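Everything below concerns the one structure shown next.
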Amino acid sequence: MTANLALRAVLPWLAVLAFLFLPLRAGADERIGVMAAELESLKESGDGSIVLNATFEFELPQALEDAVQKGIALYFNIEFELFRKRWYWFDRRIASHSLVYRLSYSPLTRQYRLARGGLSQPFESLDEALALVKSVRNWKVADKGLLTPREDYDAQVRMRLDVSQLPKPFQVNAITSREWSLASDWRAVQVPPDLQR
Numbered sequence: 005m006t007a008n009l010a011l012r013a014v015l016p017w018l019a020v021l022a023f024l025f026l027p028l029r030a031g032a033d034e035r036i037g038v039m040a041a042e043l044e045s046l047k048e049s050g051d052g053s054i055v056l057n058a059t060f061e062f063e064l065p066q067a068l069e070d071a072v073q074k075g076i077a078l079y080f081n082i083e084f085e086l087f088r089k090r091w092y093w094f095d096r097r098i099a100s101h102s103l104v105y106r107l108s109y110s111p112l113t114r115q116y117r118l119a120r121g122g123l124s125q126p127f128e129s130l131d132e133a134l135a136l137v138k139s140v141r142n143w144k145v146a147d148k149g150l151l152t153p154r155e156d157y158d159a160q161v162r163m164r165l166d167v168s169q170l171p172k173p174f175q176v177n178a179i180t181s182r183e184w185s186l187a188s189d190w191r192a193v194q195v196p197p198d199l200q201r
């Protein structure tokens, strides 16, 4: 009898928990995966630049694809941070950079346009434009002079859709709908010892 009462008391709570976790499960496909990320010294430049090469993977949710088709620009932010480890205090951030891609569609030319800084490039298909967003090559994130021998360093990278750049009505959608939530977790990037020379 007591076990039945306890079960009846617990069942509504289990139903509520299941309801809460269902959207999280459904939204897992909209997340961005950091497939690979590495730091290296850029050989071509004589200034000792440290560059990041990274590969991301994600599928653009249908709601975001529809928004682009209707003329809404999407902003993808790639963020990088470099820390010097300190045993006596919090790690010290010595470099922080952000790379922004603006993805838009022009119904007039029927082309997608990807802009980075002052440069923009047209694409015939959405897949072609996203392929460039998903693959970052030779992005300068630090100078070798920042790194010193016999010190330990940590680095991390992530990508996210910057919903603050969306028009106000779409920002509300981004808050209430998981389809508009597109981001990766921070991914650790190894700092090779040969960069500290």
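Per this note's numbering, the sequence shown starts with residue 5, numbered consecutively. Glycine is no exception: its CB is placed at the ideal position from the N, C-alpha and C atoms. These numbers were taken from a predicted model, which means no experiment stands behind them.
Per DSSP, the continuous beta strand (DSSP E) segment holding residue 165 begins and ends at 157-165. Ranked by how close their Cα comes to the Cα of residue 55, the residues 181, 144, 192, 188 have 144 in first place. Rounded to the nearest whole angstrom, the CA to CA distance from residue 185 to residue 129 is 23 Å. If you check the CB distance, residue 77 and residue 193 do not come in under 8 Å. When the Cα atoms are used, residue 100 and residue 61 turn out to be separated by approximately 22 Å.
Counting the other Cβ atoms within 10 Å of the Cβ of residue 94 gives fewer than 16, which makes it exposed. Restricting attention to 126, 104, 200, 154, the CA atom closest to the CA of residue 112 is found in 126. For residue 85, the enclosing beta strand (DSSP E) begins and ends at 78-88. Between the beta-carbon of residue 118 and that of residue 110 there is about 12 Å, and that puts the pair past the 8 Å contact cut.
Between the alpha carbons of residue 135 and residue 122 lies a gap of roughly 20 Å. Taking C-beta atoms under 8 Å as the contact rule, residue 38 and residue 80 fail to qualify, at a distance of about 13 Å.
A straight line joining the alpha-carbon of residue 73 with that of residue 108 spans about 8 Å.
Here residue 108 carries a strand assignment [DSSP, helix/strand/coil]. Between residue 156 and residue 89, the CB-CB gap stays under 8 Å. If you keep only unbroken beta strand (DSSP E) runs of at least 3 residues inside the stretch 50-75, you get 53-61. Secondary structure of residue 37 (DSSP, three-state): strand.
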